[in-house]
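Report on one structure; see the data block that follows.
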Amino acid sequence: MPAIAERTATNPAHRFRFLPAAPSVSQFRARRLTASCRRGFRVRRRADMAGGGGDKFSVLLPTYNERENLPLVVWLLARTFRDSGKDFEIIIIDDGSPDGTQEIAEQLEKIYGSDKILLRPRASKLGLGTAYIHGMKHATGNFIVIMDADLSHHPKFIPEFIRMQKEGNFDIVSGTRYKGNGGVYGWDLKRKLISRGANFLTQVLLRPGASDLTGSFRLYRKEVLEKLMEKCVSKGYVFQMEMIVRARQLGYTIGEVPISFVDRVYGESKLGGNEIVSFLKGLLTLFATT
Amino acid sequence: MTKLGQWLCGLVLLGSAWAVLALAPPGLRLPAPFRQALLPLPVYLLVAFGCYALATVGFRLATFNDCEEAAAELREHIRAARADLARRGLRF
Ligand SMILES: Nc1nc2c(ncn2[C@@H]2O[C@H](COP(=O)(O)OP(=O)(O)OP(=O)(O)O)[C@@H](O)[C@H]2O)c(=O)[nH]1
Ligand SMILES: [Mg+2]
């Protein structure tokens with residue numbers, strides 16, 4: 001429903017919700033009030049749409065050398081959304097993968113139709129952060145799902161994200177490997193230790209109010225994601241952390257759903273080498289500046 | 291205030307409270323037994339936090355879920371996806 005998405009984006013009544021970061025105490029109260037106004041407004045708007053269920057979900061799939069994984073993810077996504085009866089589109093942002101990911105994406109577009117599969121490639125590898133921004137510009141849904149295209153994020157969790165979002169009227173729903181039934185598969189003890197250690201350090205230093213900051217399987221309201229993208233400057237893992245930290249600063253609400261993360265079966269990891277060093281640098285930067 | 295600022299504020303507050311009590315001039319000192327407990331307190335706290343950190347990380351490491359079923363299910367899904375996509379004419 002593009003008409004509604006447009007109305008949301010341009011409605012001046014929505015402007016007031018974006019208050020500056022790091023509010024004083026009185027601003028904090030004002031923000032609470034604004035938040036409840038916003039909620040009331042949203043409920044009315046949704047009721048306006050008659051018939052309900054007017055939501056549309058845009059899934060952003062950034063790919064770099066995911067020729068093997070991409071068709072499988074798309075198939076699972078399409079099945080999941082069809083089964084749950086939700087309107088959706090999949091936006092594939094391929095950064096000129098040498099393995100022919102784009103070619104397979106074109107085949108998928110033919111199979112599923114160009115209203116469901118939107119190809120928005122870029123000529124060269126420009127990085128994950130800008131891939132999200134690029135994809136988001138073409139999204140017509142009022143919700144955006146961000147996930148990896150390497151099958152470590154299973155689409156089956158998306159209906160749970162949606163349910164959680166409705167339940168708590170959250171601005172963001174984040175998948176978490178560190179809570180409840182969440183977990184990982186295919187990690188050795190060393191990788192688990194690093195992950196747990198890094199997570200503990202992050203929790204102590206940033207107290208972010210969400211348990212999985214480095215994960216990248218999340219559902220956002222479109223306007224919230226736009227605002228966050230505008231604010232966030234970091235790269236890689238740290239980018240995902242910054243999104244949550246900024247979201248808290250802006251007073252957005254975050255829900256969590258436990259997910260199982262299955263390490264990639266096909267293809268190679270792109271974030272290698274000095275991962276830990278850049279993670280620590282990013283963490284300390286956020287610690288000192290937010 | 292930044293998180294760093296919050297930490298520094300907390301540390302300065304606690305630190306000065308400790309310094310006032312522990313390093314007061316002889317006339318204003320707390321009774322000896324209290325003072326003896328107070329002097330090494332920062333070290334105790336540091337050690338306690340270290341233990342807490344190790345215990346927490348250790349416990350969470352030991353209880354980190356291994357999602358065997360999720361992996362098995364994914365393999366199953368991959369098979370189904372491949373078969374169906376091939377039927378629809380996808381050339382892998
Ligand atoms: N468009 C685009 N996509 C990218 C780029 N780098 C990574 N990706 C995609 O982003 C997602 C996450 O990247 P991964 O390499 O899986 O990173 P990771 O999950 O931290 O590492 P592993 O799962 O261990 O491989 C995957 O779908 C990649 O294909 C890039 O520069 N451009
Ligand atoms: Mg991955």
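The listed protein sequences correspond, in order, to chains A and B.
Using the numbering used here, the letters of the first sequence correspond one by one to residues 1 to 290.
Using the numbering used here, the letters of the second sequence correspond one by one to residues 291 to 382.
Just so it is clear, CB atoms sit at the ideal spot from N, CA and C, and this is done for glycine as well.
For the pair A307 (chain B) and G317 (chain B), the Cα-to-Cα distance works out to about 18 Å. Residue burial annotation: N199 (chain A) is buried, with at least 16 other C-beta atoms found within 10 angstroms of its C-beta. Counting only runs that start and end inside the segment 160 to 244 of chain A, the beta strand (DSSP E) elements of at least 3 residues fall at 172 to 176, 183 to 185, 218 to 221. In terms of beta-carbon proximity, W297 (chain B) lines the interface with chain A, with at least one pair separated by less than 9 Å. Between Y220 (chain A) and I172 (chain A) a beta carbon distance of about 5 Å is seen, short of the 8 Å cut, so the two are scored as contacting. Residue A:R163 holds the alpha-carbon nearest to the alpha-carbon of G53 (chain A) among A:R163, A:F157, A:A149. With 5 Å as the limit, the residues whose C-beta approaches a heavy atom of ligand 2 more closely than that are A:D148, A:D150, A:S152, in chain order.
Look at S114 (chain A): its beta carbon is at least 8 Å from all of the heavy atoms in ligand 1. When DSSP states are grouped into helix, strand and coil, P323 (chain B) belongs to the helix group. Fewer than three pairs of CB atoms, one per stretch, sit closer than 8 Å, so the segment 254 to 270 of chain A makes no contact with the segment 227 to 235 of chain A. Contact residues of the segment 77 to 108 of chain A toward chain B are I104, Q107, L108 (C-beta to C-beta distance below 8 Å).
Note that the segment 203 to 219 of chain A touches the segment 243 to 255 of chain A; at least 3 beta-carbon pairs, one per stretch, sit closer than 8 Å.
Cβ-Cβ distances below 7 Å link E109 (chain A) to I117, L119 in the same chain, with the five nearest sequence neighbours on each side left out; the list follows chain order.
Within the segment 346 to 361 of chain B, the residues whose Cβ lies closer than 9 Å to any Cβ of chain A are, in chain order, T346, V347, G348, R350, L351, F354, N355, D356, C357, E358, E359, A360, A361. Proximity to G251 (chain A) across A:D55, A:F170, A:S114, A:F88 peaks at A:F170, based on C-alpha coordinates.
Closest option to D87 (chain A), judged by alpha-carbon separation, among A:Y132, A:G182, A:S124, A:N142: A:N142. When DSSP states are grouped into helix, strand and coil, P62 (chain A) belongs to the strand group. Nearest neighbour of Y342 (chain B) by Cα position, chosen from A:I133, A:L201, A:E275, turns out to be A:L201. Taking a contact as a CB-CB distance under 8 Å, the pair G255 (chain A) and G168 (chain A) counts as one, their CB atoms being some 5 Å apart. Residue pairing by DSSP places F57 (chain A) opposite A:F88, A:F143 in a beta bridge. Here H153 (chain A) is near I259 (chain A), since their CB atoms are less than 9 Å apart.
Closest option to V145 (chain A), judged by alpha-carbon separation, among A:R122, A:I92, A:I104: A:I92. For G267 (chain A), the distance from the CB to the nearest heavy atom of ligand 1 is below 8 Å. At a cut-off of 8 Å, the beta-carbon of D94 (chain A) counts as near ligand 1: some heavy atom of the ligand is closer than that. The beta carbon of P98 (chain A) sits no closer than 8 Å to any heavy atom of ligand 1.
Look at A338 (chain B): its C-beta is not under 9 Å from any C-beta on chain A. The Cβ of E68 (chain A) sits closer than 9 Å to at least one Cβ of chain B.
The shortest C-alpha to C-alpha distance from A327 (chain B) to any of B:G340, B:A312, B:K293, B:L336 is the one to B:A312.
Using beta-carbon distances, F324 (chain B) does not count as an interface residue toward chain A, since no partner is under 9 Å.
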